[in-house]
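Mind the numbering: the sequence shown is residues 17 to 449 in the working numbering, read in order.
Heads up, the beta-carbon is just placed ideally off N, CA and C, and yes, glycines get one too.
What follows is a single structure, written as structure tokens, with notes after it.
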Amino acid sequence: MNIPLQTPRKTLIYPIQGWLGLRIFLCFAFVYLLSYGIRGINAIIAPNLIADMGISNTILGVMSAAFFIGFFMMQLPLGHWLDQYGSRKSESFLLLIAVLGSVLFVTAQEVSFLTLGRWFIGIGVSSCLMSAFAFYGRWFKPEYQGPLASAMLMCGTAGAMLMTIPVQMALPTLGWRGIFWIMVVLLVISVFVIYFGIPKASDPTPVVSKHQQKKSFDWLQAYLPIIQSGNFKQVFPMGIFNIGGFYAIQTLWLGNWFRDYIGLSEPEVANYLFLFNLMLLLGYAANMFIPRILQQMGLSIFKYVAIFSGLALLMQALALYMPKEHSAIYLFLFALLSTVFILGQSVFNQFFPRSISGKASTSINILIFGGAFMIQWGIGFLMDWLILQGSTKSEAINSSFKVLIILQGLSFLWMLVAPYVIKKRSFLPIAQR
């Protein structure tokens, strides 16, 4: 439901640009960098958690994936909150929950409190990217949206890189709890950065009549045209297994794969994770320019996304089936090619009116982060089961990844054949904006 907005007491001038625009970007970028880092820190500290808390791979997967459950649960209400309360209020409030979750995590003496802490962290940082996108969409020129999105993702990837070599170097001195106390302090700072760094004048002032109050929960129905569309059905499995699977691997199991399958030492694992995320950063940087080049060449972004998604799947398969000494190279190429996923999301959003484009984004996020939870837990469960059947750690994690890639391959094939299987009238054309 669309809520009419009243002009704030002090209005901003559209479009925002200059130093004010830079300040706003830096505020959102700092917080997203921090949120992305805290999302993937378990890939480095996993051995310390296992040794300190005495947990299995299954429990490690569940505990880490609780982050994605919190993230997943917030997607439906988040779009509504951003429309009603604005990015500044929504994000600063949710970041307080992330602070609470981090304190629970760092002080936990039992796995249940570790898991609860991760869940609260997931809820708390669930708005860090969408809040920025919502603000940019309202206050920045349309031609800046693509570069701003790619720049945000580059900053997020930089956060993931900071959680590799620097964290590995600090672990012997600070331990995982000491590192997380630093994260608590940074999260507290982030609350102030958003609340005071984003102009108060950007907050919408909702005016809700009695009739609108009666229908205040009808906003959920706005998701029905999205879910019922052929466009959504086409990408449904890709969102769960390919994109969700990517996040599940990047934020936890990739470190274990380098450690247990290739046989790297802890410093080497940190170096390889750093390089993996560096390739992501380079890919996102390229995506700042590729859409415009494709447009000038008359090529479809959808075809570009489909081709490079297929190549990413091929690189992932080569990493699993080719000799170990070459597998890391294929994984680095997999990281570079996987950056097209975000362009796929932007293509999906173009099929829906601007009035529900936020809900279109969060509907895809539901698939992604719901899938990330299931896959992160599922890999840990399958690894433990295979080890009980007599497999080594190396065989268990590689076999688990092979099961995932089969599901990803089927999802990719479905994306290609769906237009020929699903009723054509259920597919929406590019929306007029």
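Query, Result
"Please name the residue, chosen from I438, E411, S128, V47, that lies closest to V201 on a Cα-to-Cα basis.", "V47"
"Where does Y30 fall in DSSP's three states?", "coil"
"Would you mind giving the Cβ-Cβ distance between L359 and P435, rounded to the nearest angstrom? I have them listed as a contact below 8 Å.", "So it is not a contact: roughly 19 Å between Cβ atoms."
"Count the other CB atoms, across all protein chains shown, that sit within 10 Å of the CB of I345; report buried if there are 16 or more and exposed otherwise.", "exposed"
"Give, in chain order, every unbroken run of the alpha helix (DSSP H) that is at least 4 residues long and sits entirely within the segment 136–220.", "144–155, 161–178, 181–213"
"Are the CB atoms of G299 and L353 within a distance shorter than 9 Å?", "yes"
"Are F385 and F136 closer than 9 Å when you measure CB to CB?", "no"
"Taking 8 Å as the cut-off, is the beta-carbon of A302 closer than that to any non-hydrogen atom of the ligand SAM?", "You won't find the ligand SAM in this model; it holds no ligand whatsoever."
"Is the CB-CB distance between W197 and V78 below 9 Å?", "no"
"Restricting to Cα atoms, I'd like to know which of F350, Y211, N303 is closest to N258.", "F350"
"For T131, collect the residues of the same chain with a Cβ closer than 8 Å to its Cβ; drop the 5 residues on either side in sequence, then sort them by chain order.", "V78, M79, A82"
"Using 9 Å as the threshold, is the C-beta distance between I139 and M199 below it?", "no"
"When you compare only the Cα positions, how much space is there between S316 and L120?", "47 Å"
"Thinking C-beta only, is L402 closer than 9 Å to S415?", "yes"
"If you draw a straight line from the C-alpha of W430 to the C-alpha of S143, how long is it?", "30 Å"
"State the start and end residues of the unbroken alpha helix (DSSP H) segment that holds K105.", "73–123"
"Between the segment 242–258 and the segment 52–67, can you find at least three pairs of beta-carbon atoms closer than 8 Å?", "no"
"Excluding the 5 residues preceding and the 5 following K226 in the sequence, name in chain order all residues of the same chain whose CB lies nearer than 8 Å to its CB.", "The predicted model places K226 with a pLDDT of 47, which falls under 50 and marks its position as unreliable; any figure quoted below should be read in that light. Hits under 8 Å: none found."
"So the candidates are N381, V321, L190; which of them puts its Cα closest to the Cα of Y263?", "N381"
"For Q311, does the three-state DSSP call read helix, strand or coil?", "helix"
"Give me the Cα-Cα distance between A124 and R134, rounded to the nearest whole angstrom.", "11 Å"
"If you reduce the DSSP assignment to three classes, tell me which class F443 lands in.", "coil"
"Keeping to the same chain, check which residues put their C-beta closer than 7 Å to that of Y49; ignore five residues upstream and five downstream.", "A quick correction: the sequence has Leu, not Tyr, at residue 49. Closer than 7 Å at the Cβ level, and outside the excluded window around L49, lie C171, G172, A174, G175."
"Looking at the structure shown, is M390 part of a helix, part of a strand, or coil, going by DSSP?", "helix"
"So, for I278: in the same chain, excluding its five sequence neighbours on each side, which residues have a beta-carbon less than 7 Å away from its beta-carbon?", "K340, S343, A344"
"Can you tell me whether G95 is buried or exposed, with buried defined as 16 or more other CB within 10 angstroms of its CB?", "buried"
"Just to confirm the assignment, what range does the alpha helix (DSSP H) spanning G299 have?", "282–302"
"If the criterion is Cβ atoms closer than 9 Å, does the pair M179 and I40 meet it?", "no"
"Skipping 5 residues on each side, what residues in its chain have a beta carbon closer than 6 Å to that of A412?", "M399, L402, I403"
"My guess is that L98 and S106 are in contact by the Cβ rule of under 8 Å, so how many angstroms apart are they, rounded?", "6 Å"
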